[in-house]
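In the numbering used here, each number is its position in the sequence shown, counted from 1, plus 709.
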Amino acid sequence: MRGSRWGPVMTFSIVAFDQDTGDLGVAVQSKFLAVGAAVPWARAGVGAIATQARANLSYGPRGLDLLAQGLSATEVVKCLIEGDEGRAKRQVGVVDAQGWAAAYTGQECTEWAGQAVGEGYTCQGNILVDERTVQSMARGFQTAGGELGDRLLAALLAGQEAGGDRRGQQSAALLVVREGGSYGGYTDRYIDLRVDDHRRPIEELTRLLKLHRLYFGQTQEQQLLPLEAELTCEIQALLRDLDFYHGLIHGIYDEATRQALEAWAGMENLEERLQKGACVDPVVLEFLRQRGREIRP
710 MRGSRWGPVM TFSIVAFDQD TGDLGVAVQS KFLAVGAAVP WARAGVGAIA TQARANLSYG
770 PRGLDLLAQG LSATEVVKCL IEGDEGRAKR QVGVVDAQGW AAAYTGQECT EWAGQAVGEG
830 YTCQGNILVD ERTVQSMARG FQTAGGELGD RLLAALLAGQ EAGGDRRGQQ SAALLVVREG
890 GSYGGYTDRY IDLRVDDHRR PIEELTRLLK LHRLYFGQTQ EQQLLPLEAE LTCEIQALLR
950 DLDFYHGLIH GIYDEATRQA LEAWAGMENL EERLQKGACV DPVVLEFLRQ RGREIRP
């Protein structure tokens, strides 16, 4: 097998599975431009892979195909490295859709290099300050709450605080897959965020994840607000101030009000949070109120 034309992707990453939701994902940080274009690979219902060090990018698609054929994470790692003449310089972590995890660090990876494998996750890194980076990542992932993306990001933050890539920081990425999880439900890309070049890429990735939650998150049904007369009057007034609604402020959620709210939400990229029926997502309402405050003298 030919080696990758890419240079060394010296980095630390975590690959993990969420047993409650079935989500699979990868989070990674590196002193390397656009690490998200090289290291993370995942497919809903199949598995997730991080390929790094002297990265062989074929490990990503080939490994996912092998997982889809029914091989375990351990078997996939073995298959990937067996025919690779450059395996001594490779590092790879794999988690399958049953939560089994496996990793490999070649003996010629630059020190410190190694991994920490646990139930449903594997953390790996090279050119690290020391082994505390992957150990801290594992603890950070195990103790964090929230969805898989939040836990993966918590692991990255813990790894960086413990020392991280000894050359510094440059880029980071977060990939989480879920069946039908993308915008519009057409693909499995539930979260796909990348910071290609930044002084503090993990902090920037944290900011982007918050924005992702704002635009594409889901509010529980019991938290939705019924569009009763008083609230509907407020929304109509705000939409009128923003030049989207031109009717009467009568407190009835009629077709004109619905169309005005849809038009405004579409402009703000909040259409995924709009609700069917006479209710409103409190996140949308607060965003609308904020826009209203911004235009008032």
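Glycine included, each C-beta is placed from N, C-alpha and C at the ideal position. Computed from a predicted structure; not experimentally measured.
Nearest neighbour of residue i, chosen from the options [CA to CA]
{"i": "Leu951", "options": "Tyr768, Arg1005, Leu920 and Pro991", "result": "Arg1005"}
{"i": "Gly1001", "options": "Gln932, Leu948 and Ala987", "result": "Leu948"}
{"i": "Gly873", "options": "Trp821, Val786 and Glu856", "result": "Trp821"}
{"i": "Arg860", "options": "Leu766, Val801, Ala797 and Ala736", "result": "Ala736"}
{"i": "Arg796", "options": "Val786, Val803 and Val804", "result": "Val786"}
{"i": "Glu981", "options": "Arg922, Leu934 and Phe953", "result": "Arg922"}
{"i": "Met846", "options": "Phe726, Leu917, Arg916 and Ala867", "result": "Ala867"}
{"i": "Gln931", "options": "Val989, Leu917 and Leu920", "result": "Val989"}
{"i": "Arg898", "options": "Gly754, Gln968, Phe953 and Glu840", "result": "Gly754"}
{"i": "Gln738", "options": "Phe721, Ala747 and Asp727", "result": "Phe721"}
{"i": "Glu794", "options": "Pro770, Arg763 and Ala743", "result": "Arg763"}
{"i": "Val724", "options": "Asp906, Gly893 and Ala864", "result": "Ala864"}
{"i": "Glu828", "options": "Leu983, Pro991, Leu902 and Gln728", "result": "Gln728"}
{"i": "Leu918", "options": "Asp774, Pro749 and Ile900", "result": "Ile900"}
{"i": "Thr814", "options": "Asn765, Gly854 and Pro770", "result": "Asn765"}
{"i": "Leu920", "options": "Glu791, Glu977 and Gly890", "result": "Glu977"}
Contact belief for residue i with residue j at Cβ below 8 Å, rounded distance in angstroms
{"i": "Thr730", "j": "Arg887", "result": "7 Å"}
{"i": "Leu857", "j": "Val885", "result": "5 Å"}
{"i": "Ala987", "j": "Leu936", "result": "4 Å"}
{"i": "Cys788", "j": "Leu780", "result": "7 Å"}
{"i": "Ala812", "j": "Gln833", "result": "5 Å"}
{"i": "Ala825", "j": "Val804", "result": "The pair is not a contact, with the Cβ atoms about 13 Å apart (cut-off 8 Å)."}
{"i": "Gln778", "j": "Asn835", "result": "That belief does not hold up - the Cβ atoms of Gln778 and Asn835 are roughly 29 Å apart, past 8 Å."}
C-alpha distance - residue i paired with residue j, whole-angstrom precision
{"i": "Trp809", "j": "Ala759", "result": "15 Å"}
{"i": "Gly756", "j": "Thr819", "result": "27 Å"}
{"i": "Arg752", "j": "Asp732", "result": "9 Å"}
{"i": "Tyr830", "j": "Val993", "result": "35 Å"}
{"i": "Val801", "j": "Gly926", "result": "31 Å"}
{"i": "Ala972", "j": "Arg998", "result": "16 Å"}
{"i": "Glu939", "j": "Thr966", "result": "14 Å"}
{"i": "Lys985", "j": "Ala806", "result": "33 Å"}
{"i": "Leu979", "j": "Phe996", "result": "9 Å"}
{"i": "Leu914", "j": "Leu957", "result": "43 Å"}
{"i": "Gln1051", "j": "Gln816", "result": "Lying outside 710 to 1006, the shown extent of the chain, residue 1051 is not represented and no answer is given."}
{"i": "Tyr924", "j": "Gly772", "result": "32 Å"}
{"i": "Leu862", "j": "Leu883", "result": "8 Å"}
{"i": "Lys798", "j": "Tyr768", "result": "13 Å"}
{"i": "Gln968", "j": "Tyr954", "result": "9 Å"}
{"i": "Leu934", "j": "Thr928", "result": "11 Å"}
{"i": "Pro749", "j": "Leu902", "result": "11 Å"}
{"i": "Lys740", "j": "Ala746", "result": "14 Å"}
{"i": "Pro991", "j": "Leu970", "result": "14 Å"}
{"i": "Glu1003", "j": "Phe726", "result": "42 Å"}
Proximity test, residue i beta-carbon vs the ligand HEM heavy atom, cut-off 7 Å
{"i": "Ala806", "result": "You won't find the ligand HEM in this model; it holds no ligand whatsoever."}
Check whether the segment 962 to 977 touches the segment 939 to 948, counting contact only when three or more Cβ pairs, one atom from each stretch, lie closer than 8 Å. As far as the Cβ criterion goes, the segment 962 to 977 touches the segment 939 to 948, which means the pair count is three or higher.
Fully enclosed by the segment 747 to 817, which beta strand (DSSP E) runs are 3 residues long or longer? Counting only unbroken stretches of 3 or more residues, the beta strand (DSSP E) elements lying wholly within the segment 747 to 817 are 749 to 752, 756 to 762, 799 to 805 and 810 to 814, in sequence order.
Three-pair Cβ contact test at 8 Å for the segment 877 to 886 versus the segment 897 to 914: Cβ pair count under 8 Å is three or more, so yes.
My parser needs the alpha helix (DSSP H) runs of 4 or more residues fully inside the segment 877 to 930; what are they? Segments of the alpha helix (DSSP H) lying fully in the segment 877 to 930: 910 to 925.
Runs of beta strand (DSSP E) lying entirely within the segment 842 to 866, each at least 3 residues, in chain order: Fully enclosed beta strand (DSSP E) runs of 3 or longer: not present.
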